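*Asks:*
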Amino acid sequence: MTRPRSVMGGRLILVGAGPGDPDLITVRGAAALRRADVVLFDELASEELLSLLPAHAEKINVGKRGHDPPTRSQDDINRLIVEKAQTGKTVIRLKGGDPFIFGRGGEEASACVSAGVPFEVIPGVTSALAAPAYAGIPLTDRRYSASFAVVTGHNDPGKAAEGIRWRALGNSVDTLVILMGMRNLRSLLVELVDGGTAPETPAAAVMNGTRPEQKVKVATVSTLADVVEAASIKAPSVVVVGEVASLREELSWWEESPLFGLGALVSRAPHQAGELASALRAAGAVPSIRPLIDLVPTEAPADLVAIDNCLAGLHLYDDVVFSSSNSVRFFIHHLERNGLRGALGNFSARVLCIGAATSSAAMDEGLPVHFVLPGGQGDAESMLAEIIRSLAPANRRMLIPQSNIARDVLSQGLSEAGADVDAIVFYRNLRPDVDVDALRKDLVAGDLPLLFFTSPSAVRNFSELLDEPSRTAAERCIIAAVGTTTAQALSAAGLPAQVVPGRPDVREMVAAVEAYVAQERGSASLSTLAEKEES
30 MTRPRSVMGG RLILVGAGPG DPDLITVRGA AALRRADVVL FDELASEELL
80 SLLPAHAEKI NVGKRGHDPP TRSQDDINRL IVEKAQTGKT VIRLKGGDPF
130 IFGRGGEEAS ACVSAGVPFE VIPGVTSALA APAYAGIPLT DRRYSASFAV
180 VTGHNDPGKA AEGIRWRALG NSVDTLVILM GMRNLRSLLV ELVDGGTAPE
230 TPAAAVMNGT RPEQKVKVAT VSTLADVVEA ASIKAPSVVV VGEVASLREE
280 LSWWEESPLF GLGALVSRAP HQAGELASAL RAAGAVPSIR PLIDLVPTEA
330 PADLVAIDNC LAGLHLYDDV VFSSSNSVRF FIHHLERNGL RGALGNFSAR
380 VLCIGAATSS AAMDEGLPVH FVLPGGQGDA ESMLAEIIRS LAPANRRMLI
430 PQSNIARDVL SQGLSEAGAD VDAIVFYRNL RPDVDVDALR KDLVAGDLPL
480 LFFTSPSAVR NFSELLDEPS RTAAERCIIA AVGTTTAQAL SAAGLPAQVV
530 PGRPDVREMV AAVEAYVAQE RGSASLSTLA EKEES
């Protein structure tokens, strides 16, 4: 049929957020979030995904979580979607799992059709598939299962009028997947047995599937209710009934990650924390994002005058030296502030980047990178000699965009080598507000056995926040530094790093910590970690 289109241009996009791990959202779903004007999200949709939203986006928590009472009725949600879309806005309905699998996405789409609001559906990875997969339980297997069914356990199986024929269902498919069934688990398992399902049939419950907090218990249909109660398995959980549940013992893989379940401090600036957090989740760790630095464009009048003057005369520079991806980011910010982004097309200066990450950031912004300076750890001292040796800076005019706390190793060294250097503050490195009491408490409790640092300033801020008990606790942690400069700062703070990767890259840093933990597991230095895993 032909549907009326919204006159104002607004629309609804139903986006499946996936099963729990925010990295399992689809590429298309993430792209939709980046262009949202309004997002309505459920409790089961990871709030980490909200960091993808543009700054202007309105965020509305509608508070739905399984069978718990919502903060808004479904009718209210439908009305809100339509109202926001009719003002011309792109409305994202972010729903845990898949919008059309027990997500009431169909009702929301119908409300839009009735109101003449166009809609789009971006499917998500449902927990019905993902949680068993992360538990090592294939839903089909040629040896055991050629069919499966997904059913909600939300309805009371004792009420026949509510429509699910549990007794017949158990004999209709090889594998049964039950969502939202923890409240009624005992009674629905009884119904399955009464319908002919063998009491000794393997059954499993997966809590927090796909997340580092995942917890799995395998039993039988007759014993699962007691087992999950004793193990405090609660919602959100997925229950699997069928012979395939027995494969868990052989195929368990997620919990085998060396860092599985270990809390990890992510101290990076907010706009940079995502990459490290993603790498930690992929390794099974539980990232705790607590920025210890914040990077913002400088607004100091003297800085802005210097920036504007140098950008107006950008064509007069022979070289521009970028020491980090942040220097690239804020250089571009101030170009755009001055309406000079188009000037990059006539950029004549040589661009020198320290490190591969800086080079990648520069190329992503359209800067013509001429030199990527070598050096194992990308620190200023190791770069200076190479710049002087390779580029002969004498009588060259050079621009170094930097932070307010940048060291003068490069600028002073290049000046001494005969270059005319303008080292100008483009951004400021600040210490954000930190919940100091919570940080100290978590360190002392052993909830953050892994500490990751990517800058000396984060190290200094961390050290200044510690009291005696939390410092003692931090000294027992596994500490990782992304490079030698950060490692030197840790040593100076009395918190030497055990792990420094071969090159300054956050994913390599996580991989190096994985290797360290795997090598040292079982030793005295990891006794605390072992105790936490057993608890």
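My numbering puts the sequence shown at residues 30 to 564. Beta carbons: idealized from backbone N, C-alpha and C, even for Gly. Treat the numbers as computed from the prediction; the structure is a model and nothing was measured.
Could you check where the beta strand (DSSP E) with Asn-90 kicks off and where it finishes?
*Replies:* Residue numbering aside, residue 90 sits at position 61 when the sequence shown is read from its first letter. Segment 87–90, the beta strand (DSSP E) holding Asn-90.
*Asks:* Using C-beta distances below 7 Å, list every residue in its chain close to Asn-367, excluding the 5 sequence neighbours before and after it, in chain order.
*Replies:* For the purposes of this step, residue 367 is identified with residue 338 of the sequence shown, where counting begins at 1. Correct list, in chain order: Asp-337 and Leu-340.
*Asks:* Go ahead and pull the three-state DSSP assignment for Tyr-346.
*Replies:* In the sequence shown, counting from the first residue as 1, residue 346 sits at position 317. Tyr-346 falls in the coil class under three-state DSSP.
*Asks:* Name the DSSP bridge partner or partners of Phe-70?
*Replies:* The count along the sequence shown starts at 1 and reaches residue 70 at position 41. Answer is Asn-90 and Leu-123.
*Asks:* Consult DSSP for Lys-113 and reduce its assignment to one of helix, strand or coil.
*Replies:* Numbered from 1 along the sequence shown, position 84 holds the residue referred to as residue 113. Lys-113 falls in the helix class under three-state DSSP.
*Asks:* If we ignore side chains and look at the alpha-carbon of each, how far apart do Asn-90 and Val-295 end up?
*Replies:* Taking the first residue of the sequence shown as 1, we reach residue 90 at position 61. Taking the first residue of the sequence shown as 1, we reach residue 295 at position 266. If I take the Cα positions, the gap works out to 25 Å.
*Asks:* What did DSSP end up calling Thr-239 once you bin it into helix, strand or coil?
*Replies:* Within the sequence shown, residue 239 is the residue found at index 210, counting from 1. In the structure shown, Thr-239 sits in coil (DSSP, three-state: anything other than H, G, I, E or B).
*Asks:* Quick one, which of Leu-472, Asp-466, Ala-510 and Asp-476 has its alpha-carbon nearest Leu-486's?
*Replies:* Residue 486 sits at position 457 when you count from the first residue of the sequence shown. The residue asked about is misnamed: residue 486 is Ser in this sequence, not Leu. Selected option, being the one with the closest Cα: Ala-510.
*Asks:* Return the chain-ordered list of same chain residues with a C-beta closer than 8 Å to the C-beta of Lys-246, the five sequence neighbours on each side being excluded.
*Replies:* Along the sequence shown, read from residue 1 onward, the residue named residue 246 stands at position 217. Closer than 8 Å at Cβ, skipping near neighbours: Ala-233, Ala-234, Leu-253, Val-256, Val-257, Ala-260 and Ile-262.
*Asks:* In chain order, what are the residue ranges of uninterrupted beta strand (DSSP E) at least 3 long that sit wholly in the region 470–501?
*Replies:* Those beta strand (DSSP E) runs which fall completely within the region 470–501 and span 3+ residues are 479–482.
*Asks:* Measure how close the beta-carbons of Arg-426 and Leu-345 come, nearest whole angstrom, since I'm counting them as under 8 Å.
*Replies:* Taking the first residue of the sequence shown as position 1, residue 426 is located at position 397. Taking the first residue of the sequence shown as position 1, residue 345 is located at position 316. The pair is a contact, with the Cβ atoms about 6 Å apart (cut-off 8 Å).
*Asks:* Quick check: the Cα distance between Ala-314 and Gly-290, rounded to an integer number of angstroms?
*Replies:* Here residue 314 refers to the residue found at position 285 of the sequence shown. Here residue 290 refers to the residue found at position 261 of the sequence shown. Their backbone Cα atoms lie some 5 Å apart in a straight line.
*Asks:* How big is the Cα-Cα spacing for Gly-407 and His-362?
*Replies:* For the purposes of this step, residue 407 is identified with residue 378 of the sequence shown, where counting begins at 1. For the purposes of this step, residue 362 is identified with residue 333 of the sequence shown, where counting begins at 1. Confidence at Gly-407 is low in this model, with a pLDDT of 47, below 50, so its placement is unreliable and the value that follows should be read with caution. Going from the Cα of Gly-407 to the Cα of His-362 covers about 24 Å.
*Asks:* Do Gly-126 and Ser-80 have their C-beta atoms within less than 7 Å of each other?
*Replies:* On the sequence shown, position 97 is the one that residue 126 refers to. On the sequence shown, position 51 is the one that residue 80 refers to. Result no, Cβ atoms of Gly-126 and Ser-80 do not sit closer than 7 Å.
*Asks:* What does the Cβ neighbour count give for Asn-375, buried or exposed, with the cut at 16 atoms within 10 Å?
*Replies:* On the sequence shown, position 346 is the one that residue 375 refers to. Asn-375 comes out exposed.
*Asks:* Should Lys-113 and Val-67 be called a contact, given that it needs their Cβ atoms to be closer than 7 Å?
*Replies:* Reading the sequence shown from its first residue, position 84 is the one you call residue 113. Reading the sequence shown from its first residue, position 38 is the one you call residue 67. Against a cut-off of 7 Å, the Cβ pair of Val-67 and Lys-113 comes out as a contact.
*Asks:* Mind checking Gly-135: buried by the 16 CB within 10 Å criterion, or exposed?
*Replies:* Locating residue 135 in the sequence shown gives position 106, counting from the first residue. Exposed, because fewer than 16 other Cβ atoms sit within 10 Å of the Cβ of Gly-135.
*Asks:* Give every residue of the same chain whose Cβ lies closer than 7 Å to the Cβ of Arg-310, excluding the five residues on either side of it in the sequence, and list them in chain order.
*Replies:* In the sequence shown, counting from the first residue as 1, residue 310 sits at position 281. Closer than 7 Å at the Cβ level, and outside the excluded window around Arg-310, lie Asp-50, Asp-52, Pro-241 and Pro-316.
*Asks:* With a Cβ-Cβ cutoff of 7 Å, do Ala-293 and Leu-479 count as a contact?
*Replies:* The residue given as residue 293 occupies position 264 in the sequence shown. The residue given as residue 479 occupies position 450 in the sequence shown. Contact: yes.
*Asks:* Thinking C-alpha only, which one of Ile-151, Ile-106, Glu-77 and Ser-102 is nearest Ala-60?
*Replies:* Indexing the sequence shown from 1 puts residue 60 at position 31. If we check each option's Cα against that of Ala-60, Ile-151 comes out closest.
*Asks:* Considering Cα atoms alone, identify which of Ala-378, Ala-474, Val-465 and Arg-418 is closest to Ile-429.
*Replies:* Here residue 429 refers to the residue found at position 400 when the sequence shown is read from its first residue. For Ile-429, the nearest C-alpha among the options comes from Ala-378.
*Asks:* When the distance is taken between beta carbons, is Leu-472 closer than 7 Å to Val-503?
*Replies:* Taking the sequence shown and counting its residues from 1, the one referred to as residue 503 is at position 474. Taking the sequence shown and counting its residues from 1, the one referred to as residue 472 is at position 443. Looking at the sequence itself, residue 503 is Ala, so the reference to Val does not match. Against a cut-off of 7 Å, the Cβ pair of Leu-472 and Ala-503 comes out as a contact.
*Asks:* Report the residue from Ser-440, Glu-445, Leu-495 and Val-528 whose alpha carbon sits nearest the alpha carbon of Phe-481.
*Replies:* Here residue 481 refers to the residue found at position 452 when the sequence shown is read from its first residue. Phe-481 has its Cα closest to that of Val-528, out of Ser-440, Glu-445, Leu-495 and Val-528.
*Asks:* Less than 8 Å between the CB atoms is what I'm expecting for Gln-431 and Val-450, so what's the real figure, rounded?
*Replies:* Residue 431 sits at position 402 when you count from the first residue of the sequence shown. Residue 450 sits at position 421 when you count from the first residue of the sequence shown. No, Gln-431 and Val-450 are not in contact; Cβ-Cβ is about 11 Å, not under 8 Å.
*Asks:* Quick one: grab the DSSP three-state call for Gly-405.
*Replies:* Taking the sequence shown and counting its residues from 1, the one referred to as residue 405 is at position 376. Because Gly-405 carries a pLDDT of 46, less than 50, the predicted location of this residue cannot be relied on, and the following value inherits that uncertainty. Three-state result, Gly-405: coil.
*Asks:* Cutting at 6 Å between CB atoms, please list the residues of its own chain near Val-325, excluding the five before and the five after it.
*Replies:* Translated into the one-based positions of the sequence shown, residue 325 becomes position 296. Closer than 6 Å at the Cβ level, and outside the excluded window around Val-325, lie Arg-457.
*Asks:* For the beta strand (DSSP E) that contains Ile-383, what are its first and last residues?
*Replies:* Against the sequence shown, residue 383 aligns to sequence position 354. First-last of the beta strand (DSSP E) with Ile-383: 379–383.
*Asks:* When DSSP builds the beta bridges, which residues end up paired with Ser-266?
*Replies:* In the sequence shown, the residue the question calls residue 266 occupies position 237. In the DSSP output, where bridge partners are listed per residue, Ser-266 has Met-236.
*Asks:* Using the three-state DSSP reduction, which class does Thr-387 fall into: helix, strand or coil?
*Replies:* Reading the sequence shown from its first residue, position 358 is the one you call residue 387. Of the three classes helix, strand and coil, the one that applies to Thr-387 here is helix, per DSSP.
*Asks:* I need the boundaries of the alpha helix (DSSP H) containing Glu-137, first residue and last residue.
*Replies:* In the sequence shown, the residue the question calls residue 137 occupies position 108. It spans 134–144 - the alpha helix (DSSP H) in which Glu-137 sits, taken as one unbroken run.
*Asks:* Pick helix, strand or coil for Pro-51, following the three-state DSSP scheme.
*Replies:* Here residue 51 is taken as the residue at index 22 of the sequence shown, counted from 1. Here Pro-51 sits in helix by DSSP.
*Asks:* On the three-state DSSP scale, how would you describe Val-539?
*Replies:* In the sequence shown, counting from the first residue as 1, residue 539 sits at position 510. The answer is helix: DSSP assigns Val-539 an H, G or I state.
*Asks:* Check for me: the beta strand (DSSP E) holding Gly-292 runs from which residue to which?
*Replies:* Position 263 of the sequence shown, counting from 1, holds the residue named residue 292. Residues 292–295.
*Asks:* With a cut-off of 8 Å on the beta carbons, I'd call Thr-483 and Arg-297 a contact; round off their distance for me.
*Replies:* Against the sequence shown, residue 483 aligns to sequence position 454. Against the sequence shown, residue 297 aligns to sequence position 268. Right, the Cβ-Cβ distance comes to about 5 Å (below 8 Å), so this counts as a contact.
*Asks:* Below 8 Å on the Cβ atoms is my contact criterion, and I expect Gly-39 with Gly-117 to pass it. Report the Cβ-Cβ distance as a whole number of Å.
*Replies:* As a position in the sequence shown, residue 39 is number 10, starting the count at 1. As a position in the sequence shown, residue 117 is number 88, starting the count at 1. Their Cβ separation, rounded to whole angstroms, is 5 Å, which keeps Gly-39 and Gly-117 in contact under 8 Å.
*Asks:* So, using beta-carbon positions, are Val-334 and Val-380 closer together than 7 Å?
*Replies:* In the sequence shown, the residue the question calls residue 334 occupies position 305. In the sequence shown, the residue the question calls residue 380 occupies position 351. Cβ atoms of Val-334 and Val-380: not closer than 7 Å.
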